[in-house]
Every structure is written in C-alpha cells, then in structure tokens.
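Participant: These protein sequence lines are chains A and B, in that order. Residues 1 to 141, numbered by the numbering used here, are exactly what the first sequence covers, in order. Residues 1 to 141, numbered by the numbering used here, are exactly what the second sequence covers, in order.
2 protein chains.
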Amino acid sequence: MLKLTKKIDYALMAINFMSFKGESVANTRNIAEIYNIPLELLAKVLQRLAKKGFIVSQNGPKGGYTLAKDPNVITLGELIRAIEGPIQIVHCTEGDTSCLQTARCTIRSPLRKIEHKIVDFLDNVTIDQICSEEVPEELAV
Amino acid sequence: MLKLTKKIDYALMAINFMSFKGESVANTRNIAEIYNIPLELLAKVLQRLAKKGFIVSQNGPKGGYTLAKDPNVITLGELIRAIEGPIQIVHCTEGDTSCLQTARCTIRSPLRKIEHKIVDFLDNVTIDQICSEEVPEELAV
DNA sequence: TAATCGGCGATCATTAAGGTCGGATATATA
DNA sequence: TATATATCCGACCTTAATGATCGCCGATTA
Ligand code: FES
Ligand code: FES
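1) Kindly indicate which three-state DSSP category leucine 2/B falls into: helix, strand or coil?
2) Who are the Cβ neighbours of leucine 76/B in its own chain at under 6 Å, not counting the five residues just before and after it?
3) Counting only Cβ-Cβ distances shorter than 9 Å, please list the residues of the stretch 65-89 of chain B near chain A, keeping chain order.
4) Taking all protein chains shown into account, do 16 or more other C-beta atoms lie within 10 angstroms of the C-beta of valine 45/A, making it buried, or fewer, making it exposed?
5) Could you say if the stretch 101-109 of chain A and the stretch 29-44 of chain B meet the contact criterion of at least three C-beta pairs nearer than 8 Å?
6) Got a sec: which bits of the stretch 121-132 of chain B sit with their beta carbon under 9 Å from any beta carbon on chain A, in order along the chain?
7) What would DSSP say about isoleucine 37/B, mapped onto helix, strand or coil?
8) To the nearest angstrom, report how far apart isoleucine 87/A and proline 86/B are at their CA atoms.
9) Can you tell me whether aspartate 9/A is buried or exposed? The criterion is at least 16 other CB atoms within 10 Å of its CB, across all chains shown.
10) Sorted by chain position, which residues of the same chain lie with C-beta nearer than 8 Å to aspartate 96/B's C-beta, five sequence neighbours on each side aside?
11) Just checking: is the beta-carbon of arginine 104/A within a distance shorter than 8 Å of some beta-carbon in chain B?
12) Are isoleucine 31/B and phenylalanine 17/B touching if we call contact CB-CB under 8 Å?
13) With which residues is valine 56/B paired in a DSSP beta bridge?
14) When you measure from the CB of threonine 5/B to every non-hydrogen atom of ligand 1, does any distance come out below 7 Å?
15) Cβ of cysteine 92/A versus every heavy atom of ligand 1: is any distance shorter than 7 Å?
In structure tokens, the structure reads:
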C-alpha cells in the first residue's frame, strides 16, 4: 500500500556506500555484510543498476562496482523505475481489459493526474538528498 | 509498489455515486452492480467509511448509505488512512526491531521526509477533485 | 590454473491484497 | 407479528507480489 520495496532500500544503501568509496570499487559481499543484506538479492539489485547505467561493474577478483553518475544527478524516480519498472499508483492502464470496473470507472483519469504529480515529485528528489549519512570508517573496508 | 489498493478505488467510486444521489440513500448492492464490484468487499469498505464518519448508515429495508461530509472537505489522504491505516512509504518504523538493517540503516530518516511530503500532498487533494464524473442516469436508480 | 568476483535464470517462501462465506442485528412494510 | 431486505462483523480462503535462495556460468587477476 503505497510502499517502497526492500530492493529500493538496498539500492539506496549501496549507492550511499559507494559514494563514500569514491573511485575505489565496492564489492557486493562487502556491502551485504555491512548492511546485513542478503547477498544474492543485493547482487541482483546491483546488476540491475549496472545494466541501467547507474553504476559500473568491474569483473574478476578485486572487482566490484563504482558509481557511474553523481548521486546529485540521479533522482529517486529514476532509481525506482530502474529497479521496479514504471511507477503506477493506479493499477488499471487505459487499454486494460482485465479490470472489471473499466466499463463504468469514474476514477481512472483523475487518479492519473495525481499519479503524475507524485512521479513528478519523485523525479525531483535527488539521491544525494537521501544518501548523506556517514559510513563508519572501520566498516568501509 | 507505490500502488493504491482496490479498496480505495471502490471507496472513491462509491462516494462518487453517493454524491450524485444527494439526500436519498444508496444501498451496497446497487453500487456493486453498477460498478461491477464484489458485493461483500464493497460492503466492508462502506462499513469502514461509516465507522470513520465519512458516510451515515441507514439500517433495514430501504436502508443504505448517505454522505456525511461534502466531498470537497474530505481529502484523499484521510480516505486512505480510514481504509488502510497510516500511510507508510518506508516500512521500518523507528522502534522496529524486525528489520535486519536497522543497526546501520542510513536511509530511514531521509525517506521519512519524503514520505511526509507525499502525505502532505495527499492531504491536500480533495475527493471532489477525483469524483467529478457523471453517473449514467438510467443506472442511478 | 585456482580463487574470486560479477551475471543470470529458475525456483521457493513469505506476506499482503483481494475476495468469499456464514451468521448476526436492525427495520420497513405487509 | 412475520418476513424480506438491509447493514454489520469476523473468520476464512485464494491469488499475486515481494523477498529470498540456489546453481551454474563467464570474466579476471594473482
Ligand atoms: S479501470 Fe480499473 S478501477 Fe478504474
Ligand atoms: S531500518 Fe529497515 S531498512 Fe532502514
């Protein structure tokens, strides 16, 4: 119900961590251990972020990820779309036939406007507004 | 993922319908048939709305519901809270111990601010901005 | 060439949402 | 007063989305 997913949380934590690592690579295991995130799940999230061009992967031993973009040019909206797909506050799309209410639905189009405004808002929140927390020195190996 | 529930949809449709009925009562079955909503589910939603004081119930035959408030003083935020409980974009509350990331979570409090802004927005959208659609005359029995 | 990393598809588990059922109480009307 | 029709309410089942796991591959570097 109007909730962000864990994947988004993980992505934000990971980006936060990477932004403190700067040029040096951060590997998945390291991040997973620090934040207590299931390794495989975090791996998937990072793969997705890499695919979408937010981070760059470095394969092989001593490999890992580095940020491809500055956190202040990535928006929360972009990040959500990258991981979860298009943001849809209201489930029924225009051409959708599966919804039984489609025929007499009085609310679809007004809700679209609200959706648009929320998306608009999310597209104006940059990641660095969220990722400004310190990473404890002793953990940022 | 950041989606409104069907219950909210149903509530909006019902309120829309009732606002066109004016003083005369609208019964659950009637609304359910028109909009193709599962009767029992709609009933529950309306009971919830009645309990929260948005609509007034009239028991017995010829009974039903009438609006207790003008749609232009009810906000979407209120409606969502009435039906689904408090709006939480981010799952983990402050005292929550169940989340494994709590210890080193860097994103909880920044996300709270975003949540607050969205809630603020929803609290400034009135229902009549959504419920402005016509109800076909032949159906509004 | 062995150990360490990311890449990827398939799969299972858990939870939340959507929907159903059965029985109760209230009330208008015949 | 009997009956039909309405709201009320809690328990329950089903389905879909999310969260998490597994196994195997290819890349890279020491
Ligand atoms: S079309 Fe599905 S609820 Fe409006
Ligand atoms: S406390 Fe649960 S993700 Fe931050």
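Glycine is no exception: its CB is placed at the ideal position from the N, C-alpha and C atoms.
Facilitator: Reading it off the structure:
1) coil
2) Leu122 and Val125
3) Leu76, Ile80, Glu84, Gly85, Ile87, Gln88 and Ile89
4) buried
5) yes
6) Phe121, Leu122, Val125, Gln129, Ile130, Cys131 and Ser132
7) coil
8) 21 Å
9) buried
10) Thr102
11) yes
12) yes
13) Thr66/B
14) no
15) yes
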